[in-house]
Amino acid sequence: MARHTGRGWYGRMLAAAVGVTAVAAATSVWTAQAGQPGGAPSRPGAAARHAAPAAAPVSAEIVHASDGGAHAVNITIDDGPDPVWTPQVLQVLRENGVKATFCMIGPQAAAHPELVRQVVAAGHRLCDHTVSHDTTMDKKPEAYQSQEILRAERQITQASGGVRPMYYRAPGGAFTPYSRHLAASHGMRPLGWNVDSKDFERPGTTAIVSTVEGELANGPTILFHDAGGDRSQTVAALRTLLPWLKQQGYAFGFPVR
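Right, here's the structure in full:
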């Protein structure tokens, strides 16, 4: 898996997120993610308490396969939520009747809980993408890896109103045996990818579409981004790719749990 660079924006975002307090949890019942807690707590403190029990462990092997079958793809969206681009991505997914997996940065989720809840309410799944998106995590102490993963898990779960992340994606693919087993013990299946759309580099909509079409034979899990800068090319590419995938006979699923 290729490592992504140029993520200095996270330092700025993290600084802005310091001291962000949890907002009141939604009062509606969340049922978007199968096997997830169904009732949203009445206040942020209750959210943390409701999220406390450990989730059932899952496999620690990195997953790429789709639960939609042999001719299905998994759309995965990294680095958000972002107040500008996440709503636009959600709109494109909604227009095409597609569900996706959103790999969220913990402080971003804490700063924009309303977006996390919109993602869940629309039937998409959540994924833990750490606190600071450190692509050198595999070279850091286990205590550091644990803090990055588990703090983000708590932030995402609280922002969602009690819905836990179902997956863990290491920044830049920087998994370790320790981080994989830690995530799995908290019910988060380690999540890889087969097709890197390269949208983070903003090469142009046509280039993003061409990359996905050309690499689709590599496997079903496709990587896009909804934060980290101008994601207009990603939105435009999704508008082209989702109908094209349907025309090619592909179904849409979630990564296997």
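Basically the numbering used here = 1-based index in the sequence shown + 156. The beta-carbon is built from N, C-alpha and C at its ideal position, and this holds for glycine as well.
For residue i, is the classification buried or exposed, using 16 other Cβ atoms within 10 angstroms of its Cβ as the cut-off for buried?
{"i": "G317", "result": "buried"}
{"i": "K295", "result": "exposed"}
{"i": "Q350", "result": "Note that residue 350 is Asn in the sequence shown, not Gln. Classification of N350: buried, given that the 10 Å Cβ count is 16 or more."}
{"i": "G405", "result": "exposed"}
{"i": "N374", "result": "exposed"}
{"i": "V240", "result": "exposed"}
{"i": "Q247", "result": "exposed"}
{"i": "T292", "result": "exposed"}
{"i": "A393", "result": "buried"}
{"i": "D386", "result": "exposed"}
{"i": "H289", "result": "buried"}
{"i": "P411", "result": "buried"}
{"i": "P399", "result": "exposed"}
{"i": "Q403", "result": "exposed"}
{"i": "A226", "result": "exposed"}
{"i": "R281", "result": "buried"}
Less than 8 angstroms between C-beta atoms, sequence neighbours within five positions excluded: which residues of the same chain meet that for residue i?
{"i": "T396", "result": "T361, V365"}
{"i": "R358", "result": "G385, D386, Q389"}
Tell me the DSSP secondary structure of residue i in three-state form.
{"i": "P411", "result": "strand"}
{"i": "V219", "result": "strand"}
{"i": "A392", "result": "helix"}
{"i": "G328", "result": "helix"}
{"i": "P213", "result": "coil"}
{"i": "P399", "result": "helix"}
In the DSSP output, what is residue i paired with across the bridge?
{"i": "D382", "result": "The partner list for D382 (beta bridge, DSSP) is empty, contrary to what the question assumes."}
{"i": "I233", "result": "F258, F380"}
{"i": "Y323", "result": "C283, R345"}
{"i": "A228", "result": "A407"}
Leaving out five residues on either side along the sequence, give the residues of the same chain with a beta carbon under 6 angstroms from the beta carbon of residue i.
{"i": "V287", "result": "G262, E304, R307, A308"}
{"i": "M344", "result": "D284, P321, Y323, Y324"}
{"i": "H220", "result": "G348, N350, G375, T377"}
{"i": "P380", "result": "It is worth fixing the name first, because residue 380 is Phe in this sequence and not Pro. Answer for F380: I233, S353, D355, T390, listed in chain order."}
{"i": "T367", "result": "S353, K354"}
{"i": "V275", "result": "F258"}
{"i": "N252", "result": "L398"}
{"i": "T242", "result": "G236, L271, D382"}
Tell me which residues share the same chain as residue i and place their Cβ nearer than 7 angstroms to its Cβ, disregarding the 5 neighbours each side in the sequence.
{"i": "E371", "result": "V351"}
{"i": "E298", "result": "Y334"}
{"i": "F331", "result": "I218, D294, P346"}
{"i": "V229", "result": "S222, P376, I378, L401, Y406, F408"}
{"i": "A265", "result": "P237, V272, Q311, I312, A315"}
{"i": "A216", "result": "R336, H337, A340, P346"}
{"i": "R413", "result": "V214, M322, R345"}
{"i": "A212", "result": "G343"}
{"i": "G224", "result": "A407, F408, G409"}
### Task
Please specify which runs of the beta strand (DSSP E), each continuous and at least 3 residues long, are wholly inside the stretch 244-320, giving them in chain order.
As far as the stretch 244-320 is concerned, its whole beta strand (DSSP E) runs of at least 3 residues are 257-260, 281-284.
### Query
Residue ranges of each alpha helix (DSSP H) run of no fewer than 4 residues wholly in the stretch 330-378, ordered along the chain?
Taken in chain order, the whole alpha helix (DSSP H) runs of length 4 or more contained in the stretch 330-378 are 333-341, 361-371.
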